[in-house]
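Take a look at the structure below.
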Amino acid sequence: MSSNLLNRVFLARLAGTAVFDPNGDPVGKVRDAVATLRTNNLPPRVLGLVVEVPLRRRVFVPITRVTSIESGTVVITGLLNMRRYETRSGEVLVLGDMLDRSITLIASDEVVTVEDMGMEQNQSGDWLINKVHIMRSGHGLRRKGATSTVSWEEVVGFAHTEQNQGVANLLLTLANLRAADLATVLQDLPPKRRVEVAGALTDERLADVLEEMDENARVSLLAELEGERAADVLGEMDPDDAADLLREIGQERAEALIELMEPEDAEDVLRLMNYEDYSAGGMMTTEPIVMSADYSVADALAAVRQQEISPALASQIFIARQPLETPTGRFIGTVHYQRLLREPPSTLLGSIVDTHSRGVTPDASLHEVSSHLASYNMLSLPVVDANNRLLGAITVDDVLDHLLPDNWRHDHREKSPVEYKEG
Numbered sequence: 001m002s003s004n005l006l007n008r009v010f011l012a013r014l015a016g017t018a019v020f021d022p023n024g025d026p027v028g029k030v031r032d033a034v035a036t037l038r039t040n041n042l043p044p045r046v047l048g049l050v051v052e053v054p055l056r057r058r059v060f061v062p063i064t065r066v067t068s069i070e071s072g073t074v075v076i077t078g079l080l081n082m083r084r085y086e087t088r089s090g091e092v093l094v095l096g097d098m099l100d101r102s103i104t105l106i107a108s109d110e111v112v113t114v115e116d117m118g119m120e121q122n123q124s125g126d127w128l129i130n131k132v133h134i135m136r137s138g139h140g141l142r143r144k145g146a147t148s149t150v151s152w153e154e155v156v157g158f159a160h161t162e163q164n165q166g167v168a169n170l171l172l173t174l175a176n177l178r179a180a181d182l183a184t185v186l187q188d189l190p191p192k193r194r195v196e197v198a199g200a201l202t203d204e205r206l207a208d209v210l211e212e213m214d215e216n217a218r219v220s221l222l223a224e225l226e227g228e229r230a231a232d233v234l235g236e237m238d239p240d241d242a243a244d245l246l247r248e249i250g251q252e253r254a255e256a257l258i259e260l261m262e263p264e265d266a267e268d269v270l271r272l273m274n275y276e277d278y279s280a281g282g283m284m285t286t287e288p289i290v291m292s293a294d295y296s297v298a299d300a301l302a303a304v305r306q307q308e309i310s311p312a313l314a315s316q317i318f319i320a321r322q323p324l325e326t327p328t329g330r331f332i333g334t335v336h337y338q339r340l341l342r343e344p345p346s347t348l349l350g351s352i353v354d355t356h357s358r359g360v361t362p363d364a365s366l367h368e369v370s371s372h373l374a375s376y377n378m379l380s381l382p383v384v385d386a387n388n389r390l391l392g393a394i395t396v397d398d399v400l401d402h403l404l405p406d407n408w409r410h411d412h413r414e415k416s417p418v419e420y421k422e423g
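Under full-length UniProt numbering, the first residue of the sequence shown carries the number 1, and numbering increases by one thereafter.
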């Protein structure tokens, strides 16, 4: 082992740390650590790190391959097995399984909460979790109690299954992850822990995560949510994604959740569910950016800047007559965002609209839609009815979701293992 290894490493603080090979090339980021519990309350042995490499694949790196752990960097060497990590019998994820647990101080019989876990290397070269950073219960008006670090031998309670384990400290390690990355983390957690984390996420955040999960995983997770909560989360999803998910969970459950949704959200979703899944109507979103011709470039740019608008939808403004909610009045055309950047802010959209933009009908096939997008180099495509009213828009990412095989996200991470030499 290198002399660059710290004497003690707290693993929650290590989460998100960049991992490099000996040449200084980036490999990925630390997402968790894998340990095995031992009998007689002996400190758990750390087996390795879970590292997220490109394409959101989480792989296992044996702790023996770690040559340096310094502030802000981890260096590994040797062969890196690209097989997706799955927890084996007898293994625990330190952050995923052990943070936020309620454990007991042996000396005082006081119940405390785990905030972090510290590992140290012994004389034999093994890394052992021998420190636990804890928080005591607050008293009076204090919601948080005092914190301290104790040795592993001073506590008990990690071996039993906790019914309602907290998630606050685990969420801190996941707070800066993008929705797609958080979806990967959730799918790698044990089912019970996955539900606990989902329960602590806001409706909006959980909606974003569900849109990025594999079909089977998101159906399973939605089934664990109480009806009102599930309906609220569906209401926060893009209508086309919510419609896809409701198609997957079975008619009886879908009808029950639609009844619990806000009427406006339910109306959009029901409208989409009336179309075939692989048709333009089934793939479209009913919430593109729609403006009338008398809006200005400044108005359009303000709409494009909204964080919740996906890049594909933000690529162009759809111009229509009132009403501007879909289905709109007569569809006029589109304005691409690059055109917006070239015009003075006061310019009216009606003077720069491309009236030659061609849409597709809601019964257009997947092949027709994908061919249209490719032929005209478009990121989003208008869907119009027989009266030339704008019904919605199809984005290129929605088309790709339908072109790729079912559970393509899972299959992509499950490709055959590849080993390559670092350095």
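We put the beta carbon where it would ideally sit given N, CA and C, even for glycine.
How is the beta strand (DSSP E) around residue i delimited, first residue to last?
i	result
G28	P26 to T36
E120	V111 to Q121
G145	K144 to S151
A18	A18 to F20
A320	Q316 to A320
L381	S380 to V384
Quick check: what's the CA-CA separation for residue i versus residue j?
i	j	result
I332	N216	40 angstroms
L170	R194	11 angstroms
residue 461	T173	As shown, the chain starts at 1 and ends at 423. That puts residue 461 outside it, with no answer to give.
T347	S296	5 angstroms
V209	S108	41 angstroms
Y420	P190	In this prediction, Y420 scores a pLDDT of 39, lower than 50, which makes its location untrustworthy; the coordinate-derived value is nonetheless stated afterwards. Roughly 29 angstroms separates the two Cα atoms.
V399	S370	7 angstroms
D232	L222	11 angstroms
G90	T334	58 angstroms
V19	D100	26 angstroms
residue 425	A168	Outside the displayed span of the chain (1 to 423) sits residue 425, for which this structure offers no information.
A303	D244	26 angstroms
T64	W127	9 angstroms
residue 425	R321	Missing from the structure shown is residue 425; the chain here goes from 1 to 423 and no further.
P263	E153	56 angstroms
V185	G392	32 angstroms
A200	K192	13 angstroms
A242	T73	40 angstroms
E276	D116	49 angstroms
D188	E86	7 angstroms
G157	I103	5 angstroms
G111	N122	Note on residue identity: the sequence assigns Val, not Gly, to residue 111. C-alpha separation (whole angstroms): 29 angstroms.
S380	H372	10 angstroms
E343	A374	27 angstroms
M119	G125	12 angstroms
T326	V53	41 angstroms
Report buried or exposed for residue i, applying the criterion of at least 16 other Cβ atoms within 10 angstroms of its Cβ.
i	result
Q316	buried
P239	buried
K131	buried
E259	exposed
Y376	exposed
T39	exposed
L403	exposed
P288	buried
K415	At K415, the pLDDT of 48 sits below 50, so the modelled position is not reliable; the number obtained from the coordinates is stated separately. Classification for K415: exposed.
G227	exposed
L175	The identity of residue 175 in the sequence shown is Ala, whereas the question assumes Leu. A175 is exposed by the Cβ-count criterion.
Secondary structure at residue i, three-state DSSP: helix, strand or coil?
i	result
D354	strand
H160	coil
residue 431	Residue numbering for the chain in the displayed model covers 1 to 423; residue 431 lies beyond these limits and cannot be assessed.
residue 427	Nothing in the structure corresponds to residue 427, since the chain is present only between 1 and 423.
I258	helix
T202	coil
L174	helix
R330	strand
G282	helix
R218	helix
N130	strand
P54	helix
R194	helix
L182	helix
M135	strand
M213	coil
L167	Here residue 167 turns out to be Val, not Leu, going by the sequence shown. Here V167 sits in coil by DSSP.
The alpha helix (DSSP H) with residue i in it runs from where to where?
i	result
P263	P263 to M273
A302	V297 to V304
G227	G227 to E236
V396	V396 to L403
V369	L366 to S375
Return no unless some Cβ of chain D is closer than 8 angstroms to the Cβ of residue i.
i	result
S102	You won't find chain D in this structure, because it holds only one protein chain.
I'd like to know if the stretch 255-275 and the stretch 299-315 are in contact, where contact means that at least 3 CB-CB pairs between them fall below 8 angstroms. no
Three or more C-beta pairs closer than 8 angstroms, one from the stretch 274-281 and one from the stretch 352-372: is that the case here? yes
Check whether the stretch 92-99 touches the stretch 31-46, counting contact only when three or more Cβ pairs, one atom from each stretch, lie closer than 8 angstroms. yes
Are at least three pairs of beta-carbons, each pair with one atom in the stretch 16-34 and one in the stretch 48-56, less than 8 angstroms apart? yes
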